[in-house]
Ligand SMILES: NC(=O)c1ccc[n+]([C@@H]2O[C@H](COP(=O)([O-])OP(=O)(O)OC[C@H]3O[C@@H](n4cnc5c(N)ncnc54)[C@H](OP(=O)(O)O)[C@@H]3O)[C@@H](O)[C@H]2O)c1
């Protein structure tokens, strides 16, 4: 914690099994806000007294009640313990919809607060915890902090790096091809529409539902004509972002004709005003960014409240994000097929030696049907 108040540093407490159980419950409640709280974080809260949970709450949607207020609304909490996945907020602002939670907690007579993560937002960042402590509440932090950091990875990345969390998702053959020579990844093997099977695609749809936006390049829309919606699982459709510098997409592309087409954003470099007007007339949002730099694309999405972006291809887009170091996580589904030729997952990174390779950290592998699901994170300082 570089900027936070000294007093919010992780307290090395021996948390009890009951503490762990309550915080896990608060985290589970927080996850219920998935896809609905951005640009705010997801937060869950539990109130317990005498070894029993007496109140629960979570931040259900952006602008709605905060988790602590919901949990405290369940009944008298005096003498109890608050378990909260994120430090309570402690400020008012003209554009803030809810009152400061730290004040509500103090007024409620809560005696102890257990907090998983520190809120990195500049106006909180330890000040909420300091306020509780000044009021005589015992505050302990750091229980399940890693789970909270994962829950709100988009929010934390935005606060710390000034851009949304960027997750590249690649489906490839054993030899690193994302499409057959004849183009679309949808025509990769006779009789098969996709490189990966339904189980893998269900995971991808779940990922889409967890992200504020999905992003692809013009080449992918031309080759695959994807919808980029959530269909195989229940969940909200993310914003669909297409990078298309000269607005060359055909009007018939599926992403331009979906019922919720206000959730489709085409980002261009420069284009004829009549083409922009046509797309806007179809209900699609168009953003013009001279030169179309990826940093500016992420800034524009961040300004719209996007905290996390799932990048779904294709090759040139994956390569650009990697080349510019604008990524946080990669998930690769590796299918048991070999193509020999075709479209490489990434190329042109300008890496000459193994020593200079992009090396991922925190890696994990698991089996999904016949496929291998590989995941790894950006190790900062190693690119
Ligand atoms: N298996 C998979 O996981 C997977 C996923 C997606 C796609 N695919 C396959 O990948 C292939 C498409 O890949 P692709 O490389 O041809 O196209 P792409 O990466 O989808 O799109 C590249 C295009 O996006 C535009 N663009 C705008 N800004 C860019 C930037 N900063 N960096 C890179 N591109 C930018 C450029 O077109 P303009 O200059 O016209 O703007 C560029 O030509 C298809 O065969 C598709 O089937 C496979």
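Residue numbers (this note's numbering): 6 to 388.
Yeah, the Cβ is synthetic: ideal placement off N, Cα and C, and Gly gets one too.
Euclidean distance between Cα positions of residue i and residue j
i           : j           : result
residue 176 : residue 347 : 13 Å
residue 47  : residue 212 : 16 Å
residue 203 : residue 264 : 24 Å
residue 386 : residue 327 : 14 Å
residue 121 : residue 277 : 50 Å
residue 82  : residue 49  : 16 Å
residue 76  : residue 242 : 28 Å
residue 147 : residue 223 : 43 Å
residue 306 : residue 145 : 35 Å
residue 238 : residue 206 : 10 Å
Closest by C-alpha distance to residue i, when choosing among the options
i           : options               : result
residue 329 : 84, 60 and 171        : 171
residue 279 : 300, 253, 258 and 268 : 253
residue 168 : 97, 355 and 331       : 331
residue 119 : 96, 85, 98 and 104    : 85
residue 174 : 114, 154 and 314      : 314
residue 52  : 34, 42 and 311        : 34
residue 310 : 217, 236 and 248      : 217
Environment of residue i [buried if 16+ CB atoms lie within 10 Å]
i           : result
residue 368 : exposed
residue 19  : exposed
residue 111 : buried
residue 160 : buried
residue 102 : exposed
residue 24  : buried
residue 384 : exposed
residue 215 : buried
residue 90  : buried
residue 285 : exposed
residue 97  : exposed
residue 245 : buried
residue 255 : exposed
residue 13  : Because residue 13 sits at a pLDDT of 48, beneath the cut-off of 50, its placement in the model cannot be relied upon, and the following sentence gives the value as read from the coordinates. Residue 13 comes out buried.
Per DSSP, cross-strand counterpart(s) of residue i
i           : result
residue 291 : 271
residue 145 : 119
residue 241 : According to DSSP, residue 241 bridges with nothing at all.
Hey, is the stretch 378-387 in contact with the stretch 327-341, meaning 3+ C-beta pairs nearer than 8 Å? yes
Quick check: the stretch 348-357 against the stretch 294-306, are at least 3 beta-carbon pairs closer than 8 Å? no
Across the stretch 63-80 and the stretch 127-145, are there enough close Cβ pairs to call them in contact, namely three or more that are closer than 8 Å? no
Cβ pair count under 8 Å reaching 3, the stretch 316-326 against the stretch 141-155: no
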